[in-house]
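What follows is a set of notes on a single structure, which appears directly below.
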Amino acid sequence: TSFERTDYIASFPHLTGAINTFAGSNADHAELLAARSHGEAWDPWLEPAETVLVSAACHPAYARYSGTLRDGGELLDVYGYCFRHEPAVDPARMQAFRMHEFVRIGNADDAARHRDSWIERGLEVLTDLDLDATAEVANDPFFGRAGRMLAANQRHENLKTELTVRLYGDLGDGTAVVSCNCHQDHFGDTFGITTADGDVAHSACVGFGMERIALALLRTHGFDPDRWPVAVKDRMFP
Numbered sequence: 011t012s013f014e015r016t017d018y019i020a021s022f023p024h025l026t027g028a029i030n031t032f033a034g035s036n037a038d039h040a041e042l043l044a045a046r047s048h049g050e051a052w053d054p055w056l057e058p059a060e061t062v063l064v065s066a067a068c069h070p071a072y073a074r075y076s077g078t079l080r081d082g083g084e085l086l087d088v089y090g091y092c093f094r095h096e097p098a099v100d101p102a103r104m105q106a107f108r109m110h111e112f113v114r115i116g117n118a119d120d121a122a123r124h125r126d127s128w129i130e131r132g133l134e135v136l137t138d139l140d141l142d143a144t145a146e147v148a149n150d151p152f153f154g155r156a157g158r159m160l161a162a163n164q165r166h167e168n169l170k171t172e173l174t175v176r177l178y179g180d181l182g183d184g185t186a187v188v189s190c191n192c193h194q195d196h197f198g199d200t201f202g203i204t205t206a207d208g209d210v211a212h213s214a215c216v217g218f219g220m221e222r223i224a225l226a227l228l229r230t231h232g233f234d235p236d237r238w239p240v241a242v243k244d245r246m247f248p
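Quick note on my numbering: the sequence shown kicks off at 11 and runs consecutively.
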């Protein structure tokens, strides 16, 4: 499956959302309902549906480009819901959320330029919304001891930059509202994507967290859009 080829389960098993469903008989259903009526767990009667929730909006797109890219590679505009198993009371850390991603698939220089240019472009977008954003080197929350090494390597090679906004004043660090990522040849390798020159393709994505940006706007400008700065309203509601 395309999920398997992303290798997400190897790096982020703790964030994965796999769907289970009921596929039993009438007798099995009766047993399930009996367990439920006694306040007991009924999930033992469920089984894997061979379906997983999308963890990153760009992930389903790569399978489409298996094979050789056209000259110049591809530039994708992707919008969709994502799921990550991170239950929290923090409204900025939802388990289901929307991402608007801009993805580049091409050679190594194409991917690096895409990521780097969007750091500045993303800051400009947030500044136009009168949000006090900062670019910070970051890493993904890889799982386990091997994950600590992957995270350190990701930071050392400067593969991930987050654009952060303080949602809670001085109570904590800034919250990432935009993520700029260079994947190197990871997806090119796992999905069998090559450039027109025959090299394994590189990719990069820049994701805007829609709910987090909305929270940042409300935190900065208040709950009444009519009272927001004119420049921000003109940008948001042209």
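Built from N, CA and C at the ideal position, the CB exists for glycine as well.
Residue-chain proximity (Arg245, chain B), Cβ-Cβ < 8 angstroms
No chain B appears in this structure, which consists of one protein chain only.
Below 8 angstroms, how does it come out for the stretch 106 to 113 and the stretch 231 to 244: are there three or more Cβ pairs, yes or no?
No, they do not touch.
Nearest-angstrom Cα separation, counted from Gly217 out to Thr204:
The straight-line gap separating the alpha-carbon atoms of Thr204 and Gly217 is approximately 23 angstroms.
C-alpha gap between Ala121 and Thr144, whole angstroms
One C-alpha to the other measures close to 22 angstroms.
When the Cα atoms are used, what is the spatial distance from Ser76 to Ala66?
A straight line joining the alpha-carbon of Ser76 with that of Ala66 spans about 18 angstroms.
Cβ pair Ser189, Glu167 closer than 8 angstroms
No, the Cβ-Cβ distance between Ser189 and Glu167 is not below 8 angstroms.
Could you give the DSSP three-state label for Asn30: helix, strand or coil?
The answer is strand: DSSP assigns Asn30 an E or B state.
Is the Cβ-Cβ distance between Ile115 and Ser213 less than 8 angstroms?
Yes. Within cutoff.
For the stretch 16 to 80, which segments carrying the beta strand (DSSP E) assignment without a break, of at least 3 residues, lie completely within its bounds, in sequence order?
If one requires a minimum length of 3 residues, the beta strand (DSSP E) runs lying completely within the stretch 16 to 80 are 28 to 32, 56 to 62, in chain order.
I'd like to confirm the pairing. Which residues does DSSP put opposite Gly219 in its beta bridges?
In the DSSP output, where bridge partners are listed per residue, Gly219 has Met109.
According to DSSP, is Gly154 part of a helix, a strand, or is it coil?
DSSP, read as helix, strand or coil, puts Gly154 in helix.
Can you have a look at Val147 and say buried or exposed, based on whether 16 or more other CB atoms are within 10 angstroms of its CB?
Burial call: exposed.
Would you list the residues sitting across from Ile115 in a DSSP beta bridge?
Residue pairing of Ile115 in beta bridges, as defined by DSSP: Glu84, Ser213.
Measuring only the C-alpha atoms, how far is Leu56 from His95?
Approximately 19 angstroms, taken between the alpha carbons.
Leu173 - partner residues in DSSP beta bridges:
In DSSP, Leu173 forms a bridge with Ala145, Val188.
Nearest CA to the CA of Asn36: which residue from Phe197, Ala44, Ala241?
Taking Asn36 as reference, the option from Phe197, Ala44, Ala241 with the minimal CA-CA separation is Ala44.
If you draw a straight line from the alpha carbon of Thr200 to that of Glu84, how long is it in whole angstroms?
If I take the Cα positions, the gap works out to 17 angstroms.
Separation of Gly198 from Leu160, as counted between CA atoms:
Cα-Cα distance, rounded: 19 angstroms.
Which partner residues does Tyr89 have in the DSSP bridge list?
Looking at the DSSP output, Tyr89 bridges to His110.
Return the first residue and the last residue of the alpha helix (DSSP H) that Asp199 is part of.
Where Asp199 is concerned, the enclosing alpha helix (DSSP H) stretches over 196 to 200.
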